[in-house]
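Q: Take this structure, written in structure tokens, and hold onto it; I'll ask about it next.
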Amino acid sequence: WIRTGIWDDTLPTLRCLGKQEFRSVASLDSRHCLRIVISCVLSLQELKLKDEECERLSKVREQLEQELEELTASLFEEAHKMVREANTKQAASEKQLREAQGKIDMLQAEVTALKTLVITSTPSSPNRELHPQLQSPTKTAFRKGHGRNKSTSSTGAMTVAGQSAPQESVNSEFKEVDSILFAEFQAWKESPTLDKLCPFLKRIYHEDVGPCLDFTKHELSELVQAAVEQNTLTIEPVATQALPVVKVAAIECGGPKKCALSGLSRACKHRIKLGDSGNYYYISPSCRARITAVCNFFTYIRYIQQGLVRQDVELMYWEVMRLRKEMSIAKLGFYPSEM
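Here it is in structure tokens:
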């Protein structure tokens, strides 16, 4: 009040009051000032608390910002790592794809070359590069033990060791197409199958295949026919210096001087194996010629079934007739001297 001049204005009034009244007014002013002081102190304390709270929140914010930066950096690093791994895997996959494509191209070229060999090879004029077993005996004389030629289902060809088909010129003979046989062959050619119940094969089974493979040992004959049909029969020459190994329980397998199919005493230069069985059956030259003739027939119709023969239908028909003729001649007992 003194500073603001209020005291000067109120001084005359105070002088008019008594001492008691003055003390009362002074007491009221003191209490009012005390309340103001207390209020200021409380306000200061409140401000101090708020400052501390603000400082604490500021530290929390700084900590959160730091954690956010670390998390962001970690995420970016992980993302870059994943991208690098993906690029590495993609490069490896592309390399494997190129290698696989190269292998596929190489295999396709080999298949094309093999098809070319197969197409140019028929039982009447076999390609000697495709059938190495048809090479001259002098080229194979250095092989030790037994030469082995298994049937291969991939080309549908049943290779027969030492095969030498008689070279007959069909052009020198008079020929006339049988309308019934040709119609049956044409119907079969539209949808080639090895089902023996179709008219084309049913007739050949009845007239040629069955009689040609009908030997004295009927049970073994049936096994031979089944192996020929399944393309699992193997014919191999017998080494002349090899001693016969015949088990007591397998006398029916014959020996170098006894044919297992006919039961007759004959010089057996070849033996057969049926599928994966461990038994070998010695066969005479006549039996080998009959089996070979049937194998030649099945080889050719498998060529046709697999689409490897691209000839006129009439030429294919006459090739089938020639193979039937071979079976007919073989079942009558005729066979080449090299058998």
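The opening residue of the sequence shown carries number 1 in the UniProt record's numbering; numbering runs sequentially from there.
Just so you know, even glycine gets a beta-carbon here, dropped at the ideal spot from N, CA and C.
The model shown is predicted, which means the values in this text are computed figures rather than measured ones.
Taking 7 Å as the cut-off, is the CB of His218 close to at least one heavy atom of the ligand GDP?
A: Of ligands this structure carries none, so the ligand GDP is not represented either.
Q: Please report the Cβ distance between Ala227 and Leu274, rounded to the nearest whole angstrom; I am assuming they are in contact, meaning their Cβ atoms lie under 8 Å.
A: Indeed they touch by this definition, with Cβ atoms about 4 Å apart.
Q: Between which two residues does the alpha helix (DSSP H) carrying Pro237 extend?
A: Segment Leu233 to Pro237 is the beta strand (DSSP E) holding Pro237; no alpha helix (DSSP H) there.
Q: Within a Cβ cutoff of 8 Å, which residues of the same chain sit near Thr232, ignoring the five residues on either side of it in sequence?
A: Same-chain partners within the cutoff: Ser151, Leu274, Gly275 and Asp276.
Q: Identify the residues that DSSP records as bridge partners of His270: which are they?
A: Answer by DSSP bridge pairing, in chain order: Pro237 and Ile283.
Q: For a test of the three-state rule: what should DSSP assign to Lys258, helix, strand or coil?
A: strand
Q: Just the Cα atoms here: how many angstroms apart are Ile180 and Phe200?
A: 10 Å
Q: Could you please give the first and the last residue of the uninterrupted alpha helix (DSSP H) stretch that includes Val228?
A: His218 to Gln230
Q: Does DSSP put Gln45 in a helix, in a strand, or in coil?
A: helix
Q: Apart from the five residues on each side of it in sequence, which residues of its chain come closer than 7 Å, Cβ to Cβ, to Ser286?
A: Gly333 and Tyr335
Q: Between Thr272 and Ala86, what straight-line distance do the alpha-carbon atoms span, to the nearest angstrom?
A: Correcting the residue identity first, residue 272 is Ile in this sequence and not Thr. One C-alpha to the other measures close to 58 Å.
Q: Straight-line CA distance for Arg61 to Ser93?
A: 47 Å
Q: Alpha carbon to alpha carbon, how far is Leu64 from Lys70? Give it in angstroms, no decimals.
A: Here residue 70 is Glu; the residue named in the question, Lys, does not match the sequence. Taking the straight line joining both Cα atoms gives about 10 Å.
Q: Cα separation between Leu308 and Asp105?
A: It is roughly 20 Å from the alpha-carbon of Leu308 to the alpha-carbon of Asp105.
Q: To the nearest angstrom, how far is the alpha carbon of Glu176 from that of Tyr317?
A: 11 Å
Q: For Met321, name the three-state secondary structure that DSSP assigns.
A: helix
Q: Nearest to Leu223 by CA position, among Arg266, Cys268, Lys257 and Tyr281, is which residue?
A: Tyr281
Q: Between Glu207, Glu53 and Ile291, which lies nearest to Ser221 when the distance is taken from Cα to Cα?
A: Checked all of Glu207, Glu53 and Ile291; the closest Cα to Ser221 is Ile291.
Q: Verify whether the separation of the beta carbon atoms of Gln225 and Val313 is less than 8 Å.
A: no
Q: Can you give the Cα-Cα distance for Arg324 and Asp208, rounded to whole angstroms?
A: 7 Å
Q: Locate the alpha helix (DSSP H) running through Ser179, then write down its first and last residues.
A: Ser179 to Glu190
Q: If you reduce the DSSP assignment to three classes, tell me which class Thr193 lands in.
A: coil
Q: Is it true that the CB of Leu264 sits closer than 8 Å to the CB of Ser284?
A: yes
Q: Provide the residue span of the alpha helix (DSSP H) that contains Leu201, from first to last.
A: Per DSSP, the continuous alpha helix (DSSP H) segment holding Leu201 begins and ends at Pro199 to Ile204.
Q: For Ser151, does the three-state DSSP call read helix, strand or coil?
A: Any reading at Ser151 is ruled out, since the residue's pLDDT is 40, under 50, leaving its predicted position unreliable.
Q: Taking Met327 and Val294 to be in contact with their CB atoms under 8 Å, please state how far apart those CB atoms are, rounded to whole angstroms.
A: The C-beta separation of Met327 from Val294 comes to about 6 Å, placing the pair in contact by the 8 Å criterion.
Q: Is Gln63 helix, strand or coil by DSSP?
A: helix
Q: What number of angstroms, rounded off, separates the C-alpha of Val41 from the C-alpha of Glu52?
A: Rounded to the nearest angstrom, the two C-alpha atoms are 17 Å apart.
Q: Rounded to whole angstroms, what's the CA-CA distance from Phe182 to Ile304? Just pull it up for me.
A: 15 Å
Q: Under a three-way DSSP split, which group does Gly102 fall into?
A: If DSSP states are grouped into helix, strand and coil, Gly102 belongs with the helices.
Q: Rounded to the nearest angstrom, what separates residue 347 and Pro237 at their Cα positions?
A: The displayed coordinates of the chain run from 1 to 339. Any statement about residue 347 would go beyond what the structure contains.
Q: Which of helix, strand or coil does DSSP assign to Gly162?
A: The pLDDT assigned to Gly162 is 38, lower than 50, so where the model puts this residue is not dependable; a value taken from the coordinates is nonetheless given after this. Correct three-state label for Gly162: coil.
Q: Just to confirm before moving on: does the CB-CB distance between Asn279 and Cys259 stay below 8 Å?
A: no
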